[in-house]
Every structure is written in structure tokens, then in C-alpha cells.
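Reviewing the structure listed below.
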Amino acid sequence: MAADREAVRARLLALGFDEVRFAEVGPGFGAGLRAWLDAGYQADMHWMDRTVEKRADPGLVQPGARSVIMLGVNYLPPKTAGAGSSTGTPRPLWARYALHADYHDTIKEGLVQAGRVLEELCGVTRADYRYYVDTGPVSERGWAARSGLGFIGKNSMMISRRHGNWLFLAEVLTTVAFAADEPVTPAAAGRETEPGLLCGKCTRCLDACPTQALPRPGVVDARRCISYQTIENKGIIPRELRAGIGNHLYGCDVCLEVCPWNRFAQAGRRVLLAARYDLADLTLRDVLELTPERFAEVFRKTAIKRVKLAGLLRNACVVAGNTAAHDCLDVLARLAAHTSPVVRAHAVWAVRRLGADEALATARAGETDALVLAEYAAELAPV
Ligand code: B12
Ligand code: SF4
Ligand code: SF4
Numbered sequence: 000m001a002a003d004r005e006a007v008r009a010r011l012l013a014l015g016f017d018e019v020r021f022a023e024v025g026p027g028f029g030a031g032l033r034a035w036l037d038a039g040y041q042a043d044m045h046w047m048d049r050t051v052e053k054r055a056d057p058g059l060v061q062p063g064a065r066s067v068i069m070l071g072v073n074y075l076p077p078k079t080a081g082a083g084s085s086t087g088t089p090r091p092l093w094a095r096y097a098l099h100a101d102y103h104d105t106i107k108e109g110l111v112q113a114g115r116v117l118e119e120l121c122g123v124t125r126a127d128y129r130y131y132v133d134t135g136p137v138s139e140r141g142w143a144a145r146s147g148l149g150f151i152g153k154n155s156m157m158i159s160r161r162h163g164n165w166l167f168l169a170e171v172l173t174t175v176a177f178a179a180d181e182p183v184t185p186a187a188a189g190r191e192t193e194p195g196l197l198c199g200k201c202t203r204c205l206d207a208c209p210t211q212a213l214p215r216p217g218v219v220d221a222r223r224c225i226s227y228q229t230i231e232n233k234g235i236i237p238r239e240l241r242a243g244i245g246n247h248l249y250g251c252d253v254c255l256e257v258c259p260w261n262r263f264a265q266a267g268r269r270v271l272l273a274a275r276y277d278l279a280d281l282t283l284r285d286v287l288e289l290t291p292e293r294f295a296e297v298f299r300k301t302a303i304k305r306v307k308l309a310g311l312l313r314n315a316c317v318v319a320g321n322t323a324a325h326d327c328l329d330v331l332a333r334l335a336a337h338t339s340p341v342v343r344a345h346a347v348w349a350v351r352r353l354g355a356d357e358a359l360a361t362a363r364a365g366e367t368d369a370l371v372l373a374e375y376a377a378e379l380a381p382v
């Protein structure tokens, strides 16, 4: 049955998706992903190695897949929300995407509806499509580029001419054959996934990255990326990267914010998102003083809760050390005796960086655990 692409597009836009684009499933993709994995840029995200074949071939994910419907959801907050600027604020910084109820949950509601639209308009059943947002074995930026939703910037983001960098991506893989959409420009035909296609001579993102995590245009070394270190890494943040983390408490938007393609972006409709801009009002002390109960209450239903209290406290210690937060020394000294060794190690680092070793005396006085003392010895090396 021939599928009416424009009827499907109109219905999905009405569900709250801001971009709806169609790509045809074809062979021969994924070399860029393999090279990235071979270089070790995935850090300890080994689930990516395990799913590399699927990521390169939607047919292994949805048997008989003919089309990928790529969807974008704009998450740019209104200017008045004051969320997540990287400059001029003493507050800790959150990646903008994080200042919402967990987008995996809210966008999934739209994907369920999108599936029903396919059933209704294309006469298919639940066995004929699969949808994902972020966590599926699908190379979302590659398919978005294929579908002409935008282009892959030198910062490796999928950049839309209408929404800039500020798009969540989601997709429906389906056995329905839709006519493919045009590439982002006629000149892009056959080169859709080339990084920096519409960047020209600009290198702002490469120059601005605080930890030099972009070794080449379009390639992120997750091991050096603040987003990886503050969200995905569950252990010790390498000491040589901590200073570069600055006041980034959770995630990083620096290479997104500097991009001139954002000048056309308007705030999102938030049909499939629920704002939590209030989180940007938390002070560093608020975060450092979080108890397990308060953490659960404040971050309920957000993506942030997955970093767990210890991860957030660890990040907050790094921010405290970087921002001369002398007014937080008392709480940092308490965290130097926290039950989590990861929190303890970063709290000790922060206190040392603030040049207040004497504050550790209290925290260490009660220590009996030999292991903890050994860990302190490492952390007490020159900062
Ligand atoms: C692992 C991951 C990370 C890692 C690695 C980032 C990276 N650049 O690879 C870390 C933890 C560092 C990270 C950080 C962030 N992430 Co992330 N991340 C992912 C994830 C799960 C996989 C990405 C991946 O495969 N990376 C490996 C590289 C090699 O692949 P790639 O970037 O997709 O590009 C390659 C492929 O496209 C392939 N390719 C080339 N041609 C073709 C053609 C086809 C058809 C195919 C299939 C593939 C293909 O080669 C490309 C270049 O090598 C995706 C979700 C998903 N399922 O795709 C989200 C995703 C990329 N992340 C997202 C976001 C929002 C972020 C952050 C902005 C969060 C933050 N503020 O802290 C940062 C941005 C950092 C940056 N500059 O990339 C969004 C990006 C949306 C967008 N508009 O681009 C995604 C799509 C999640 C989502 N559903 O919205 N992320
Ligand atoms: S997200 Fe931040 S740390 Fe990661 S590549 Fe972009 S600017 Fe660098
Ligand atoms: S900042 Fe410049 S180089 Fe980087 S993605 Fe945007 S346009 Fe491209």
C-alpha cells in the first residue's frame, strides 16, 4: 500500500513533534561509528560496541524496515526562563536538556501516538514499527542527516536550520515504504552525513570546548567530554579534566551555545516536554547539602535522577573547587567523610583546591578505614 507521506507528517506535527522527516533504509552506513569505537572515544559506554551492527542497520532492529521517520522535539527554553547560560552566572550550570521532566518518558507518549497514526493511515500492525528516543540501537544523528532534518555540525550535533542545536531526536523504524525527503541542500546530496557541511570556515565550537574534547570536526572524544564525565561516568573524574569542568554541574552545552546556527531558533512548544526550569535556581550549597530524601523529591521524574545522589555530589564538589566556593567549606569538609568513596575523593580535592587543608582535619579525625586513608593519600597529592 502506498503511504501518504504528507498525511502522516501533518498528523505527527500535530502530536507535538517539531520536525518530521523521512529517510529510506539503505545499506552501507556505520563506518564512522566503527572508527569512533575503534579509537576508544566511547570511554566505558561498552553497550555501544555491543550494538554496533544494529546501529548501522535498522533492518536488524525492525525486521523488514523500509523507512526511518526521524522526529525532532525543540527544547529551547523561553528567554525569561534563564535556564542554563554558560556565562555570567554564579549558579551551577545544567545542560538545558536536563531541565525537563525526563524526556524519554514524555516523548515516548508522543511515539506511542505516532505508532497509532501509522496503524490508522497505513493499515499496519504493531509488528510493523518500532520507536525509540535516545536509548535505542539507532544512530539517530546519522539518520536525521539522511532524512534532511539538518546537518551534522563540527560540534557533532544535528543542527536544524529552524531550531539550531536544540532538538531532541526520536524515530520510528517501519516496514512502510515512504518516499524519502530531500537532503538539507541540493549540494548535500550524497554527502548528507559529512560533518560541518554548512559550517563554512567557522570553528567556534572546536575552539570553545573547555576540555578539548573535539579532536576533529564532528568527532567527540567522550573521555574528555564534560557531558560524559558528569553524567555517564559513575566513578572518579580524571583530575586533569576537573579544572576545565568549571561550573558545569550536569552536562555541557558550550559547543552548542556558541553555534551561530542558533540565531534562528525560537523557544519550543513543549507539547511533549514538561519544563523543570526551577532546577536552575538551585545554589551550589543547595546541591552540596542534598540528602537522599531531598534528592529523590527534587529530581523525581527527571533524567538527572539516574546520576544518583553520589554522582551529583561528586560533580558539585568539582564545581565548588573550581569556583572558589569558600562559603561552602563547612559542607565540603562534611562530604570528605561521606559514605561514598567517590564523593569523599572529590570533596577532599575541592577543599585542597580552595587551599583550606585544615578543614579536612575534622573530617579525617574520625577515620578508621585504612582504605579511605589510602584514597586520601592519592587525593592529597599536589592539586
Ligand atoms: C553516546 C552519546 C553521547 C556521548 C558521545 C557523544 C558523541 N558525539 O558521539 C556523550 C555522553 C559525550 C554525549 C553527549 C551529548 N549528547 Co548524546 N548521545 C549519545 C547517543 C546515545 C549515541 C551517539 C553516537 O552514536 N555517537 C557515536 C558517533 C560516532 O555517532 P554520531 O554522533 O551519531 O555520528 C556518526 C554517525 O552518524 C555515523 N554516520 C555517518 N553517516 C551515517 C549515515 C547513517 C545512515 C548512519 C546510520 C550513521 C552514519 O558517523 C557519524 C560521524 O562519525 C545519542 C543517541 C543515539 N541513539 O544516537 C545521544 C545524542 C547524540 N545526544 C544528544 C545530546 C543532546 C547530547 C548533549 C548535547 C547533552 C548535553 N548537553 O550534555 C551532549 C553533546 C556533546 C556533543 N557535542 O556531541 C542528542 C543530540 C541531539 C542533536 N540535535 O544532535 C542525542 C541524539 C540524543 C537524543 N535522542 O536527542 N552523547
Ligand atoms: S559538550 Fe562540552 S565538553 Fe563535550 S564536546 Fe561539547 S563543549 Fe566539549
Ligand atoms: S559553531 Fe560553527 S563550526 Fe561549530 S557546528 Fe556551529 S557553525 Fe559549525
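Its first residue numbered 0, the sequence shown is counted upward by one per residue in numbering that gives the first Met the number 0. Ideal Cβ positions, reconstructed from N, Cα and C, are used throughout, including at glycine.
Please state whether DSSP places residue i in a helix, a strand or coil.
| i | result |
| --- | --- |
| V218 | strand |
| M69 | strand |
| Y74 | coil |
| A13 | helix |
| Y40 | coil |
| T105 | helix |
| T79 | helix |
| T229 | helix |
| P259 | helix |
| V111 | helix |
| C121 | helix |
| V60 | coil |
| V7 | helix |
| L281 | coil |
| P411 | In the structure as shown, the chain begins at 0 and stops at 382. Residue 411 is therefore absent and cannot be evaluated. |
| C254 | helix |
| E191 | coil |
| A264 | coil |
| G31 | helix |
Could you tell me the boundaries of the beta strand (DSSP E) in which residue i lies?
| i | result |
| --- | --- |
| F21 | 18-23 |
| L248 | 247-249 |
Tell me, please, which residues DSSP counts as bridged to residue i.
| i | result |
| --- | --- |
| I158 | F150 |
| G163 | S159 |
| L172 | V67, R129 |
| H99 | A274 |
| W93 | Y249 |
| T301 | A100 |
So, under 8 Å CB-CB, residue i and residue j are touching, yes? Tell me the CB distance rounded to an integer number of Å.
| i | j | result |
| --- | --- | --- |
| F21 | R10 | Not really, about 13 Å apart at Cβ, beyond 8 Å. |
| P136 | K78 | Between K78 and P136 the Cβ distance is about 37 Å, and since that is not below 8 Å, they are no contact. |
| I225 | C201 | With 8 Å as the limit, I225 and C201 do not qualify as a contact, their Cβ atoms being about 21 Å apart. |
| I106 | A169 | 5 Å |
| G152 | C208 | About 13 Å; that fails the 8 Å criterion. |
| G234 | V341 | 6 Å |
| C174 | V111 | First, the residue type needs correcting, since residue 174 is Thr and not Cys in the sequence shown. Contact flag wrong, Cβ pair sits at about 18 Å. |
| V286 | A242 | Between A242 and V286 the Cβ distance is about 19 Å, and since that is not below 8 Å, they are no contact. |
| V67 | L240 | V67 to L240, Cβ: 35 Å. No contact. |
| I158 | C254 | About 11 Å separates the two Cβ atoms, so there is no contact after all. |
| A80 | Y249 | So it is not a contact: roughly 17 Å between Cβ atoms. |
Exposed or buried, which one is residue i when buried takes at least 16 other CB atoms within 10 Å?
| i | result |
| --- | --- |
| W260 | buried |
| G310 | buried |
| G147 | buried |
| M44 | exposed |
| W165 | buried |
| I76 | The question names Ile, yet the displayed sequence has Pro at residue 76. Classification of P76: buried, given that the 10 Å Cβ count is 16 or more. |
| T301 | buried |
| W348 | buried |
| L59 | exposed |
| W46 | exposed |
| T192 | buried |
| D101 | buried |
| D356 | exposed |
How far does the alpha helix (DSSP H) with residue i in it reach, from first residue to last?
| i | result |
| --- | --- |
| K307 | 307-321 |
| C204 | 203-207 |
| D48 | 46-49 |
| A144 | 139-145 |
| H345 | 340-352 |
| E239 | 238-244 |
| A332 | 328-334 |
Is residue i near ligand 5, judged by its Cβ being under 8 Å from some heavy atom?
| i | result |
| --- | --- |
| D133 | The model depicted lacks ligand 5 and carries ligand 1, ligand 2 and ligand 3 instead. |
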